[in-house]
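Let me begin by presenting the structure, written as structure tokens, before commenting on it.
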Amino acid sequence: DAKTTQPNSMESNEEEPVHLPCNHSTISGTDYIHWYRQLPSQGPEYVIHGLTSNVNNRMASLAIAEDRKSSTLILHRATLRDAAVYYCILRDWGDSSYKLIFGSGTRLLVRP
Amino acid sequence: NAGVTQTPKFRVLKTGQSMTLLCAQDMNHEYMYWYRQDPGMGLRLIHYSVGEGTTAKGEVPDGYNVSRLKKQNFLLGLESAAPSQTSVYFCASRTGQGDNQPQHFGDGTRLSIL
Numbered sequence: 004d005a006k007t008t009q010p011n012s013m014e015s016n017e018e019e020p021v022h023l024p025c026n027h028s029t030i031s032g033t034d035y036i037h038w039y040r041q042l043p044s045q046g047p048e049y050v051i052h053g054l055t056s057n058v059n060n061r062m063a064s065l066a067i068a069e070d071r072k073s074s075t076l077i078l079h080r081a082t083l084r085d086a087a088v089y090y091c092i093l094r095d096w097g098d099s100s101y102k103l104i105f106g107s108g109t110r111l112l113v114r115p
Numbered sequence: 114n115a116g117v118t119q120t121p122k123f124r125v126l127k128t129g130q131s132m133t134l135l136c137a138q139d140m141n142h143e144y145m146y147w148y149r150q151d152p153g154m155g156l157r158l159i160h161y162s163v164g165e166g167t168t169a170k171g172e173v174p175d176g177y178n179v180s181r182l183k184k185q186n187f188l189l190g191l192e193s194a195a196p197s198q199t200s201v202y203f204c205a206s207r208t209g210q211g212d213n214q215p216q217h218f219g220d221g222t223r224l225s226i227l
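As given, the protein sequences belong to chains F and A, one line each in that order. Position 61, counted from 1, in the first sequence is what the numbering used here calls 64; the numbers after and before it change by one each time, with no gaps. Position 72, counted from 1, in the second sequence is what the numbering used here calls 185; the numbers after and before it change by one each time, with no gaps.
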């Protein structure tokens, strides 16, 4: 499985945008980019995913570099509830088990 | 909506004891997964199932067994618990429809082995 690299931690102020980077230089053409987050004392929850084009949903936006070797999760206005560990995960669309391989993620701290 | 329910939420065992963790989902999902999460680390996949009656090994399967006798339930067993298995265990499920549907996670079982 191709690996991802994320900063261990980031800080943001409440109501400001947050850009969470992810490097995946060995990504293959069949890898989707998934983001999950894990709030304290909870299981992970899905945030967003993409393949080549930028994606938006009600939670966040995903910006994917043209060469696909990096991506950025964008939270447009951080709230205290967004404090969590964010995981960037590559999933091969040819893997019929749909399993996810988690890294250590980025811990986001949001200052009031 | 119940979603994914894990039982029990907390448990303390002595080394050598056995126990079974239960995961139940009410979403009629085909796929189910068991992960463990050690402090400060990401989740690691133990075993998974792509349908009723099937199981497969993940990244860290040693010391665990699983069964999927009913579609809605996925059981994780520890036959002889060891302190190294102290962890938080998460179960997840996923529909079989669609290529990029998300996994839905339970709230975890915190297991301590003395």
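Beta carbons are placed, not taken as given, at the ideal position from N, Cα and C, and that holds for glycine.
Simplified DSSP assignment, three categories, for residue i
i	result
Asp85/F	helix
Ser44/F	coil
Ser197/A	helix
Ile30/F	coil
Met154/A	coil
Trp147/A	strand
Gly53/F	strand
Pro215/A	coil
Ser99/F	coil
Pro24/F	strand
Phe203/A	strand
Arg114/F	strand
Local Cβ density within 10 Å of residue i, reported as buried at 16 or more and exposed below that
i	result
Asn80/F	Residue identity differs from the one stated: residue 80/F is Arg in this sequence, not Asn. Arg80/F should be labelled exposed.
Phe123/A	exposed
Val125/A	exposed
Gln210/A	exposed
Leu227/A	exposed
Arg61/F	exposed
Thr109/F	buried
Arg114/F	exposed
Rounded C-alpha distance that separates residue i from residue j
i	j	result
Val163/A	His52/F	21 angstroms
Ala115/A	Phe218/A	11 angstroms
Leu42/F	Lys183/A	30 angstroms
Leu47/F	Thr55/F	Strictly speaking, residue 47/F in this sequence is Pro, with Leu absent from that position. Their Cα atoms are separated by approximately 24 angstroms.
Gly32/F	Leu65/F	18 angstroms
Ser15/F	Asp85/F	10 angstroms
Phe179/A	Leu103/F	For clarity, residue 179/A is Val in the given sequence; the question names Phe instead. Going by the C-alpha atoms only, they are around 18 angstroms apart.
Asn11/F	Leu112/F	11 angstroms
Gly155/A	Tyr89/F	10 angstroms
Ala68/F	His22/F	14 angstroms
Where the beta strand (DSSP E) containing residue i begins and where it ends
i	result
Gln119/A	117-120
Ala137/A	132-138
Glu14/F	12-16
Val163/A	Per DSSP, Val163/A belongs to no beta strand (DSSP E) and is neither H nor E.
Asn186/A	186-191
Phe123/A	123-126
Asn141/A	Premise fails: Asn141/A is in no beta strand (DSSP E) and is neither H nor E.
Ser73/F	73-78
Ser180/A	178-180
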